[in-house]
Amino acid sequence: VVDVGARGYNRVCKDIINSSTTEYIQIEPFPPSRDEMNNDGLLECYVQEIMDKYPNMKDGADMVIDFGVFGWDAVQIGFKEEDIRKYVQNVLFVLKDGGCWALKTDVGWVPDQDQLFNTYILPYFDLGNFNNYKSGHSVKGNKFHFYFFYKKKGM
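If you read the sequence shown in this note's numbering, its first letter stands for residue 21, the second for the next number, and so on.
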């Protein structure tokens, strides 16, 4: 499992996974102190830099958890088209065929979500569900939505 972001609030994620056989890696360009993190490894970079800085991560993950980074409007404000493409390509790079990108988005994170999905994500991923959760389900009074994208074979 690769989790985008490393902060004190997600230090419980490794414990929630509760598996001695699942490796839990975090990506964070500005990591907090080691005592605030609980993981099996850290990629100290932006998602867009994984291919260049960590080539050994190719096809290494079954899941990428991305809650509050790519789908957050503050990140998208600074992103250009090339940044979006690089981000998606690096998520693809890390995931095994059929691997899941669990993406949380905030309401209003981009002006046209369907266009962004159709242009940048769905050519490489199939939209699906995860266990009993349907893609697009919402929480917190419809402020957050969760999507599950599965890497197409050979991408």
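Note that CB positions come from ideal geometry on N, CA and C, so glycine has one too.
This one's a predicted model, so the numbers in the text were calculated from it and none came from an experiment.
Residue i to residue j span [Cα, whole Å]
i: residue 103; j: residue 42; result: 30 angstroms
i: residue 164; j: residue 101; result: 23 angstroms
i: residue 80; j: residue 55; result: 26 angstroms
i: residue 12; j: residue 132; result: This structure gives no information on residue 12, because the portion of the chain shown stretches from 21 to 175.
Which of helix, strand or coil DSSP assigns to residue i
i: residue 60; result: coil
i: residue 112; result: helix
i: residue 161; result: coil
i: residue 173; result: coil
i: residue 106; result: helix
i: residue 136; result: helix
Residues near residue i by beta carbon distance below 7 angstroms, same chain, minus five either side
i: residue 95; result: 89
i: residue 106; result: 68
i: residue 128; result: 93
i: residue 37; result: 21, 44
i: residue 172; result: 144, 145, 146
Residues of its chain near residue i, where Cβ-Cβ distance is below 8 angstroms and the 5 sequence neighbours each way are ignored
i: residue 34; result: 44, 58, 59, 60
i: residue 179; result: Residue 179 falls outside the range modelled here, since the chain spans only 21 to 175, and no answer is possible.
i: residue 108; result: 140, 141, 144
Nearest candidate by alpha-carbon position, reference residue i, set the options
i: residue 21; options: 138, 141, 119, 170; result: 119
i: residue 137; options: 114, 116, 150, 167; result: 167
i: residue 175; options: 29, 117, 158, 70; result: 117
i: residue 159; options: 29, 124, 115; result: 124
i: residue 99; options: 130, 72, 29, 86; result: 130
Same chain, Cβ closer than 6 angstroms to residue i, neighbours up to 5 away in sequence not counted
i: residue 74; result: 63
Proximity test, residue i beta-carbon vs the ligand ADP heavy atom, cut-off 7 angstroms
i: residue 55; result: No copy of the ligand ADP appears in this structure; indeed no ligand is present at all.
Which ranges does the alpha helix (DSSP H) cover as unbroken runs of at least 4 residues, wholly within the region 33 to 100, from first to last along the chain? 33 to 37, 70 to 73, 93 to 98
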